[in-house]
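Quick notes on the structure that follows.
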Amino acid sequence: MPFSYERARQELTQEQSKLRQQLARLEAAEYESIGYGNHIADDGTEAFEQAVGVALQRKIETTLEQVERALNKLGDGTYGLCEACGARIDRARLEALPHARHCLACQSRTERKGARVVSH
Ligand SMILES: [Zn+2]
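Structure (structure tokens):
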């Protein structure tokens, strides 16, 4: 069976709405804590919870960005191509991670260096 772009699109769209819901929930929780939480939680706990919330929010935002980027690429026909070297990304990798931006070789090179691959 050939790689299904339709399936990738469905998964990415589902992922996108899931991530948006998570973000909306986080933002709602933050909004509620303003003015209400101060007298209940002690400052240390609250600061910690805020830090965790912010880190989680950043992570979700980054993933959402990658998911939307992948959806754009599905639209312009460059989906499944490595952003660094232009090679076709392994099908199994795309099925496991539909928003993958790099082929395995480039990805492991990035992780080794601990730096971002500069796309051109
Ligand atoms: Zn590559």
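Using the working numbering, read the sequence shown as starting at 1 and increasing by one per residue. Cβ atoms here follow ideal geometry from the backbone N, Cα and C, with glycine treated the same way.
- Boundaries of the alpha helix (DSSP H) harbouring E111: 104-113, taken from the DSSP string.
- At the C-beta level, V67 and H102 stay beyond 7 Å of one another.
- When distances are taken from the beta-carbon of H99 to the heavy atoms of ligand 1, even the shortest one reaches 6 Å or more.
- Residue nearest to Q107 within the set R58, G53, T13, E83 is E83 (criterion: CA-CA distance).
- For A87, the Cβ falls inside the 6 Å cut-off from some heavy atom of ligand 1.
- Distance from the C-beta of A84 to the nearest heavy atom of ligand 1 is below 6 Å.
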